[in-house]
Each structure stands twice: as C-alpha cells, then as structure tokens.
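> Chains as they are written, first to last, in the numbering used here: chain H, 1 to 302; chain U, 303 to 628. Below is one structure. I have some questions about it.
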Amino acid sequence: MNLQFVVDGLLTGSMIGLGAIGVTLTYSILRFSNFAHGDFMAWGTYATLAVVSAIGAMVGKVAPIAPLSFGWPLIVALVVGMAFTALLALLLDKVLFARLRSQGQAIIVVMASFGASMALRSLLEFTFSSRPTYFSRAIQIAMPIGFGIRITPDQIALLMLTAVLVLGVHLLMTRTQTGRSMQALSQNAALARIVGIDVASVVRVTWVIGGALACVAGVMIGILVQIRPFMGFDMLLPMFAAAILGGIGSIPGAVLGGLIIGLAEAGAVQLIGAEWRAAVSFIILIAVLFVRPIGLFGVRER
Amino acid sequence: MDLLGYGAFFLTTALIFSLVTLGLNLQWGLTGLFNVGLAGFVAIGAYTSAMLTTPDDAARLGGFGLPILVGWLGAMVVGGIAAALTGMATLRLRSDYLAITTFGVAVVVQLVALNAQKLTGGPFGIGFIPRPFGSLAETPLLFNLSNLAVVSVVTLIAYLALEHLSRSPWGRVLKALREDERAAISLGKSARFYRVQAFATGGAIMALAGALQAHFTGFIAPDNYLPILTFQIWVMLIVGGSGSNLGAVIGSILVWAIWAGSGTLTSILFPPEQQARAAALQIAAIGVMLCVILLIRPNGLFGDRPRRPWFGRRTKIAQAKSSSGS
C-alpha cells in the first residue's frame, strides 16, 4: 500500500475538520444541525474567487509567491471572503434562523436550513453556472519527501494554515472570556442566561467563526480540487460525521474527527476505488451512533 | 383531447408525489420524525420493484419477470426494512441524528444506484419496466387515463388507511408521544418501538410511491432521486400543512402545479442556452418560498395544531419557554 494516502487524507481531513468546527459550534450553541453550512463554504469560495478576479482586473497579473501557485491577491481575497461568509451567516441568522429559534421549535430551524441550503446553492448555480472553475490552472511539481510520499508546496502551506487556525480557535475557546461564555451557553443555556452572559453576542461570534472557517475550507477545496456550486453540499455528510465522531461541541474533536474521516476516505479510495468515497463517512457515522453516540470527546447531556 | 391527456398525465405524477408526501406526513406530521433523505427510500422502492418485475437481463442481477403487484409488495417490504433499520440506529438519540442519518441514507442509495452496475444498471438505470395496461400504449389517452385510475386507487387506499391509522389507538399513541413524551411513557408506551414502527410504515409508503412511478414511466435512473426530490416533497407537505393527510394530498397537487407551471414558463421565456440557469433560479425561488412559509404560516393550509416536535430532553427547555398550554 502506497503511503501517499496519508497526505491526501490529511488534506481532505483538514477541509472536513475546518467545516466541522462550524457545524459542531452551531449544533452545541444554537442547538440545530445546519444543513446550509456546506453552502457557506461554496459562497465563501466564490466570493474569494470574485475578489481575486477583481484584484486581477485592477492591478494586472501578479506573480505567485515563490514556490506556491498563488500570489498575494488570493491571500487578500481569502480575508475578504472570510468576512463576507461571516456576514452571510449573520444575515441568514437574522432573517431566518433567529426568528424561528425564538418560536422555540428547534427542528423547524433544521428544515429552514435545508430550504436555505437549496436556495443558496441554486443562486450560485444561477450566477456562476454549474461548470467547475479554478483559482489557478498552473500545475505544481510535487516534491518527494521519503516513504514514497509526494507533496506540493501549496499542500504544505494549507496544512500549516489549518494548524494555525485550529490552534487559534482552540485558544479562543479555552483562554478568552468569549470562549468561556460560548462553552457555558452550550453546556447549560438557562444557567448561562442567569449569570448574565450576553447570548446575542455569543451567537454572533459562533456564526462569525463558523462562517470564516467554512470559507477557508472552501478555498482549500478550490485550490486543491475545483470550485463548483455543489462543492459544499458534497462535504455536508463528512462534516456532520466528523462533528458527531469528535463529540458535539468539541473543537479538537471536530478536527480529529475530520482527519480520521479524511484518512479513511483516502485509504478507501486506494483500496476500493474513488467512486465509493462518499460511503465512508456514512459507515463511520453509523458505527459511531451504535457504539459511542456521544463521540470521542463528547459529554453526556445534562 | 390533448389537454385531457396532459391533465391525466399531470394528475398521475401529482398523485404519486402525494403518496410520498403521505408517507412523510406519517413520519413527520404525525410522529415528529425528521426525514431529509426520503429520496433514498423512494429510490429503494423503485429499484426493488424494477428488479423484481423486469424481464431477465444478462448485464445485471435479477430481472425476475414477476407480476407487477409482487414488485410493489417487494418495494414496500424492502423500503420498510430500510426505514426500520435507520430508525433503530438513531431513534434512541437526539432527533437531529435521525435527520443526519437519513441524509446519509440518501447519499449512499445514490452511490449504490450509480456504481453498483451489477445491481442497478449504473448511470444508465433500468429500462423495460413493465407498465400496467402496457397493451393500451397505442392509444395514449386511454393509457394515461388507466394509469391515472390505478394511481388514484392506490393513493385513495393509502389515504383511507392512514386516516384510519391516525384515529386508531396506534395513532393516538404516536400523537401522545409527539405532544408529551413523558406522559405517554409513564402510561407504559415504549417511545422508541412506536416511532420505529411509524418510521418504517412511512418508508414503506414512500417505496411504494417510487415503485408506482417506476412502472408509470417504464424507466428509472439515479438522476430521478437527487436531493431535489426530497426538497420538493418537503415543500409539498409544509404548504399543505403537516399533520393533515388531506393537506398532504392537496399540497402536493398545488406545489406540483406551481413547479410544472413555472418550468413551462421558464422554457418559454428563456432561450435554450439559459435553461439550466433558469431552472436553478426556479429552485432558489421555491427554497425561499419554503422559508417564508415556515416564517409566516408554519402550519400550512390545513395544518392541525401548533406543533411541538420530539426533541429529546431538549424539549423541556423549549417548552418552559413557550406557552404552557397547547
């Protein structure tokens, strides 16, 4: 067996994990599974693509940074895209989710997110057509790093970016007052309100983190694979499976779950064939639900 | 004459949709179980029946050439078992897990339909599915009308059976579980057992609808069972009003009329190269419509009550916040 699947798995796992952070936060703090999360990914990616093209139109062609396939425009565009996706999530919460939440009917919110997901994705298809596009069509030479593994500079950069982001979110959740408020709200909403935690601001932070990370995950897919309106929707099942495998509400769990699923998928592609890849998350999901439904780092419901 | 033929064709399709919606109404409207993978159960029914009834085919397994009624029965059994297994895996957990799992079921069924060529014919699907009254195919009008008659009878039977079930002691237990789980459990009713039964029955009805559709068109392919189907059925149920069987049927006909009408409209208004984009806009508009209905009229046209779905232990918090009466 070729060890190359480790690199592929870690990369897929990073994309899943970054997305799963948003899913797990929404689930533990807002208490619903957001089926529109994948479409945040796609919207963020298309927004980033639009900004890249806009910069390209304004300053002309920019040479990529030494070994990478992209230059500073993509980095600037990514930051803009993250802000845009966060705003989109906030907006959707304001016009839709918050109103339904206030009626106290949690499962209706899930259904609304399903409807919103359809609408968001179809709007992308309407605006950009369903044809796949790319950030760059340049082909990178993969460097051998031993054990028969090859990796491109882009892949190294994106793995490092993932590590930095995950560490950052983890520190935010554990070391800051905002993070502690978020944990309090997810553990006991009523008590959190009583001690005077500003619920509205915690909800805002949740959407901002979830949206921004979804955008990063989407741009990673865009750089390494391709950009399509369905790119986020196809990630939905792996993201849910990762969030549940890691334990709802746990950031390290979501990332670890994502990596496990990414590695399993990459292994399955080598052993069985790429066409069965999507079934891997489902099998892992069912196994977790039967064996340990609270996940690796989950806590029992209070 | 053409108009009559088209009317029969339209109504046949709409009634098949309403059969799926009736199944969903049993799961969601009556029992509060959230199924976002119903396209998977419809596909299971269609493929099962197709495999049982088509003539022998060397390229794939099956083609048993059995009578159509056997195919329908087989579809219900397999669809019911699939739904029961899904329910058993998830119904002891929080309701969102059921939603995610059903979503996964649809993804996996789609994968099997596409990739297990030996079983499902792969992307090209299964053809030569026998049609009831196939001998009438030379006279389209008669053929359409006889199809309509068959589908109407099946839908009517399902409707009457479901109406009876929801008033029976069994249906009352489901309603009791939906309204106040703890009270029902304290009366000695096993919540999980009843929910698995309801979910399996709903799945069987959906599978039957898939089988009907397969025998009505004579050809099935994985493309027929994309998430968009799940979405259409949900809009139909919500528009009609979940909880009401009559609402499920009328909602299906109404939404299918809007869907087919707006489809015709876009095909007239837009040039051929813009069709795909226009279709995307159509889906977006209906997605927005679903959200708006949820916001302003969550009970739809015929919804029976302010709903209070099963949400595990979380319900307590939600109930404490909402008004105490119902």
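Note that the Cβ used here is the ideal one computed from N, Cα and C, for glycine as well.
1) Measure from the C-beta of N601 (chain U) to each C-beta in chain A and report whether the shortest distance is under 8 Å.
2) Which of the three DSSP states, helix, strand or coil, is assigned to T356 (chain U)?
3) Can you find a CB in chain U that lies within less than 8 Å of the CB of L90 (chain H)?
4) Are G339 (chain U) and A418 (chain U) touching if we call contact CB-CB under 8 Å?
5) If we ignore side chains and look at the alpha-carbon of each, how far apart do A415 (chain U) and V219 (chain H) end up?
6) Should M508 (chain U) be labelled buried (16 or more other beta-carbon atoms within 10 Å of its own) or exposed?
7) Buried or exposed, going by whether 16 or more other CB atoms sit within 10 Å of the CB of G60 (chain H)?
8) In this structure, what does DSSP give as the bridge partners for P144 (chain H)?
9) Does DSSP classify T403 (chain U) as helix, strand or coil?
10) Could you compute how far the alpha carbon of M239 (chain H) sits from the alpha carbon of F35 (chain H)?
11) May I ask you to report which of helix, strand or coil DSSP gives T133 (chain H)?
12) From what residue to what residue does the alpha helix (DSSP H) around K420 (chain U) run?
13) Pull up the CB-CB distance for L596 (chain U) and A112 (chain H), whole angstroms please, since I reckon it's below 8 Å.
14) From this set, H:P132, H:V203, H:V255 and H:G249, which residue's C-alpha is nearest V166 (chain H)'s C-alpha?
15) Chain U partners of R99 (chain H), CB-CB under 7 Å?
16) If you run the structure through DSSP and keep just helix, strand and coil, what is I522 (chain U)?
17) List, in order along the chain, the chain H residues whose C-beta lies closer than 7 Å to that of A586 (chain U)?
18) Taking only three categories from DSSP, how would you classify I272 (chain H)?
19) Taking any Cβ of chain U, which residues in the region 260-272 of chain H have a Cβ under 9 Å from it, in chain order?
20) Please confirm if I535 (chain U) has its CB atom under 8 Å from at least one CB of chain H.
21) Using the Cα positions of G17 (chain H) and G258 (chain H), report the straight-line distance between them to the nearest angstrom.
22) Mind listing the chain H neighbours of L476 (chain U)? Cutoff is C-beta to C-beta under 8 Å, in chain order.
23) Give a yes or no on whether 8 Å exceeds the smallest Cβ distance from M111 (chain H) to chain U.
24) Who are the near neighbours of A138 (chain H) in its chain, counting only those whose CB is closer than 7 Å to its CB and skipping five residues on each side?
25) Using a C-beta cutoff of 8 Å, does I286 (chain H) count as contacting chain U?
26) I'd like the span of the alpha helix (DSSP H) that includes T323 (chain U), first residue to last.
27) Against W276 (chain H), what residues of chain U qualify as contacts under a CB-to-CB distance less than 8 Å, listed in chain order?
28) Compare the Cα-Cα distances from I522 (chain U) to each of U:W330, U:F311, U:P432 and U:A550 and report the closest residue.
29) From this set, H:E265, H:I223 and H:V205, which residue's C-alpha is nearest L78 (chain H)'s C-alpha?
30) Got a sec, what are the start and stop residues for the alpha helix (DSSP H) W558 (chain U) sits in?
31) In chain order, what residues of the same chain have a beta carbon less than 6 Å from the beta carbon of R228 (chain H), not counting five sequence neighbours either side?
32) Hey, quick one: how far does the alpha helix (DSSP H) through R599 (chain U) stretch, first residue to last?
33) Is there a Cβ of chain U sitting closer than 8 Å to that of P293 (chain H), yes or no?
34) Could you tell me which chain U residues have their CB closer than 9 Å to the CB of I29 (chain H), listed as they occur along the chain?
35) With a CB to CB cut of under 6 Å and the five nearest residues on each side skipped, what residues in its chain are close to P611 (chain U)?
36) Run through chain H and tell me which residues come within less than 7 Å of A485 (chain U), C-beta to C-beta.
Put simply:
1) This model lacks chain A altogether, as its protein chains are H and U.
2) Coil.
3) Chain U places no beta carbon closer than 8 Å to that of L90 (chain H), leaving this residue out of the contacts.
4) No, they are not a contact pair.
5) Cα to Cα, A415 (chain U) sits roughly 31 Å from V219 (chain H).
6) So M508 (chain U) counts as buried.
7) Classification for G60 (chain H): exposed.
8) Per DSSP, the beta-bridge partners of P144 (chain H) are H:R150.
9) T403 (chain U) carries a helical assignment under DSSP once its states are collapsed to helix, strand and coil.
10) Roughly 10 Å between the two C-alpha positions.
11) Residue state, collapsed to three classes: strand.
12) Looking at the DSSP string, the run of the alpha helix (DSSP H) that includes K420 (chain U) is Q419 to T422.
13) Contact flag correct, Cβ pair sits at about 5 Å.
14) Distance check between V166 (chain H) and each of H:P132, H:V203, H:V255 and H:G249 places H:V255 closest, using alpha-carbon atoms only.
15) For R99 (chain H), the chain U residues whose Cβ falls inside 7 Å of its Cβ are L597, in order along the chain.
16) Strand, per DSSP.
17) A119, S122, L123 and F126, listed in chain order.
18) DSSP, reduced to helix, strand and coil, places I272 (chain H) outside both helices and strands of the structure shown, so it counts as coil.
19) Taking 9 Å as the cut-off between beta carbons, none of the residues of the region 260-272 of chain H comes near chain U.
20) With 8 Å as the cut-off, I535 (chain U) does not count as an interface residue toward chain H.
21) So the two alpha carbons sit approximately 4 Å from each other.
22) What L476 (chain U) touches in chain H: nothing, since even the nearest Cβ is about 16 Å away.
23) At least one beta carbon of chain U lies nearer than 8 Å to the beta carbon of M111 (chain H).
24) Within the same chain, Cβ atoms closer than 7 Å to the Cβ of A138 (chain H) are found at S69, the five residues on either side in sequence being excluded.
25) Among the CB atoms of chain U, one or more fall inside 8 Å of the CB of I286 (chain H).
26) DSSP places T323 (chain U) inside the alpha helix (DSSP H), whose first and last residues are D304 to L326.
27) Against chain U, a Cβ distance below 8 Å from W276 (chain H) picks out L413 and N417.
28) Distance check between I522 (chain U) and each of U:W330, U:F311, U:P432 and U:A550 places U:P432 closest, using alpha-carbon atoms only.
29) Comparing Cα-Cα distances from L78 (chain H) to each of H:E265, H:I223 and H:V205, the minimum goes to H:I223.
30) Note, W558 (chain U): alpha helix (DSSP H), N547 to L571.
31) Within the same chain, R228 (chain H) has close Cβ partners P132.
32) For R599 (chain U), no alpha helix (DSSP H) run applies, since DSSP gives it neither H nor E.
33) Yes, P293 (chain H) lies at the interface with chain U (some Cβ there is under 8 Å from its Cβ).
34) In chain order: nothing, as chain U lies at least about 13 Å away.
35) Confidence is the limiting factor: at P611 (chain U) the pLDDT is only 48, short of 50, which leaves the residue's position unreliable and the question unanswerable from this model.
36) Per Cβ cutoff of 7 Å: no residues; A485 (chain U) is ~19 Å from chain H at best.
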